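J.:
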Amino acid sequence: MDASKCQAVLIASETGSFSAAAEQLNYTQSGITRMISSLEEEIEFSLFIRSKKGVRLTENGKLMVPYFREIVESSQVAQEMSDDIKGVVRGSITIACYFSVSSMWMPRLLKVFSESYPNIQIKLLEGGNKEIAKWLAEKSVDICLCAEPEDKTDYSWEELYRDPLLVWLPKNHPKARQNRYEIKDLETEDFIQTLPGQDTDQDRLIEQEGLNLKTRFTTKDGFTTYQLVKAGLGVSFNQAMIAQDWKEDVVQLPLNPPRFVSLGLALPKQKPTSPAVQRFLKCMEEEMSDLIKTTP
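In terms of UniProt numbering, the sequence shown has 47 at position 47, counting the first letter as 1, and numbering is strictly consecutive.
#1: If we ignore side chains and look at the alpha-carbon of each, how far apart do residue 118 and residue 207 end up?
#2: Please report how far the alpha carbon of residue 284 lies from the alpha carbon of residue 210, in whole angstroms.
#3: Taking Cβ positions, are residue 299 and residue 168 nearer each other than 8 Å?
#4: Looking at C-alpha atoms only, which residue of 46, 264 and 53 is the closest neighbour of residue 20?
#5: Of the residues 140, 67, 57 and 161, which one's Cα is nearest the Cα of residue 100?
#6: Of all Cβ atoms in chain C, is any one closer than 8 Å to the Cβ of residue 267?
#7: With a threshold of 6 Å on Cβ separation, who are the neighbours of residue 40 within its own chain once the five nearest residues in sequence on each side are excluded?
#8: Per DSSP, residue 192 is paired with what?
#9: Can you tell me the Cα-Cα spacing of residue 59 and residue 65, whole angstroms?
#10: Could you give the DSSP three-state label for residue 123: helix, strand or coil?
#11: As a quick exercise: from 281, 264 and 269, pick the residue whose alpha carbon is nearest that of residue 292.
#12: Take residue 217 and list the residues in its own chain whose beta-carbon comes closer than 7 Å to its own, dropping the five residues that flank it on each side.
#13: Closer than 8 Å by C-beta to residue 151: which residues in its own chain qualify, once you throw out the five before and the five after it? Chain order, please.
#14: To the nearest angstrom, report how far apart residue 56 and residue 42 are at their CA atoms.
#15: Take every Cβ of the region 92 to 109, pair it with every Cβ of the region 250 to 259, and state whether three or more of those distances are shorter than 8 Å.
#16: What beta strand (DSSP E) runs, 3 residues minimum, are completely inside the region 75 to 130?
#17: Quick check: residue 213 and residue 187, are their CB atoms within less than 8 Å of each other?
#18: Rounded to the nearest angstrom, what separates residue 200 and residue 286 at their Cα positions?
#19: For residue 205, tell me which candidate among 242, 258, 155 and 145 has the shortest Cα-Cα distance.
#20: Let me know the secondary structure DSSP gives residue 231 once reduced to three states.
#21: Given residue 240, which residues of its chain have a CB within under 7 Å of its CB, disregarding the five upstream and five downstream residues?
#22: Which residues does DSSP pair with residue 50 in a beta bridge?
#23: Could you tell me the alpha carbon to alpha carbon distance between residue 33 and residue 184, rounded to whole angstroms?
#24: Would you kindly work out how many angstroms separate the C-alpha atoms of residue 115 and residue 49, rounded to a whole number?
Encoded structure:
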């Protein structure tokens with residue numbers, strides 16, 4: 001089964017359009033259409049439902065996606081291994097990152113790695129716990145730098161750092177001058193929650209502590225939550241790394257008892273590790289001790 005045809009199916013399913021897939025893969029739309037039609041003839045059933053609005057996978061097509069992905073990945077790894085044997089260093093890596101890791105660790109890691117391997121392309125995906133768990137289960141990413149997954153069935157896990165959770169208070173809050181903030185006191189405040197129901201660090205702590213919070217506002221990102229706290233509209237909490245450089249008019253205090261988020265490296269199981277991925281993992285190993293020293 002031709003890997004390029006399988007890749008065309010994957011891109012078309014993600015974009016919902018043959019023309020968008022053609023643009024990404026540098027083909028004409030008619031070329032992509034012929035490739036997919038040829039694959040459908042080969043397997044003897046339709047992969048897509050076609051309409052004026054675009055395309056979407058049939059039920060049979062959905063069943064085939066994991067196998068098409070394996071074919072594409074194996075082909076890419078074989079090509080990279082062949083290049084590696086010949087002394088040609090190139091390839092591609094898809095890295096999924098927790099938002100805090102993306103902003104605090106990735107700039108340095110990518111800079112150091114890209115200086116050594118300028119011909120290795122990197123696709124960086126940012127997401128929360130639920131999104132990253134989905135990507136790992138699908139094996140659509142090579143490396144994840146994320147919070148500790150609750151279910152490790154589909155991937156290996158190595159802890160790299162424990163990031164403390166801090167409460168965010170307006171600067172004029174009555175408890176702003178304290179050394180720490182009692183977790184149970186969150187129940188007495190107007191609370192601002194980021195991405196509720198998405199298995200966030202907030203969701204996990206709220207469930208673990210059995211907190212009954214008065215949620216006044218919900219947001220889609222930590223920075224918006226931070227700005228609402230700054231405006232005096234309530235309190236919140238998050239990882240120390242998230243707001244390391246956001247100091248203006250918001251007081252950040254450690255929780256009591258202290259609570260932490262375990263951050264680390266997750267790798268999909270039963271997925272070939274390409275030479276490019278191996279090189280990035282080695283770069284991480286060399287840089288992590290210095291990165292952690294600069295982390296709050």
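C-beta atoms are modelled at their ideal positions from N, C-alpha and C, and glycine is treated no differently.
As the structure is a prediction and not an experimental result, all values here were calculated from the model.
T.: Judging by the given coordinates:
#1: Cα-Cα distance, rounded: 44 Å.
#2: Cα-Cα distance, rounded: 37 Å.
#3: Past the boundaries of the shown model lies residue 299; the chain is included only from 1 to 296, so the question cannot be answered.
#4: Looking at the Cα atoms, 53 is the closest of the given residues.
#5: For the options 140, 67, 57 and 161, the alpha carbon positioned closest to that of residue 100 is the one of 161.
#6: Although the question refers to chain C, the structure presented lacks it and comprises just one protein chain.
#7: The residues are 46 and 47.
#8: DSSP lists 217 as partners of residue 192.
#9: Their Cα atoms are separated by approximately 10 Å.
#10: DSSP, reduced to helix, strand and coil, places residue 123 within a strand of the structure shown.
#11: Checking every option, the nearest Cα to that of residue 292 belongs to 264.
#12: A distance below 7 Å between beta-carbons, with the five flanking residues on each side excluded, links residue 217 to the following residues of its chain, in chain order: 192, 228, 233 and 234.
#13: The beta carbon of residue 151 lies closer than 8 Å to those of 133 in the same chain, with the five residues before and after it left out.
#14: Their Cα atoms are separated by approximately 19 Å.
#15: The region 92 to 109 and the region 250 to 259 do not touch, with fewer than 3 CB-CB distances between them shorter than 8 Å.
#16: Listed in chain order, they are 91 to 98 and 120 to 127.
#17: Pairing residue 213 with residue 187 gives a Cβ-Cβ distance under 8 Å.
#18: Looking at the two C-alpha atoms, the distance is approximately 29 Å.
#19: Put simply, of 242, 258, 155 and 145 the residue whose alpha carbon is nearest the alpha carbon of residue 205 is 258.
#20: Residue state, collapsed to three classes: coil.
#21: For residue 240, where only same-chain residues beyond five positions count, the Cβ hits under 7 Å are 163, 164, 166 and 296.
#22: Residue pairing for residue 50: DSSP places it in a beta bridge opposite 55.
#23: Separation of residue 33 and residue 184 (C-alpha to C-alpha, rounded to the nearest whole angstrom) is 59 Å.
#24: Looking at the two C-alpha atoms, the distance is approximately 44 Å.
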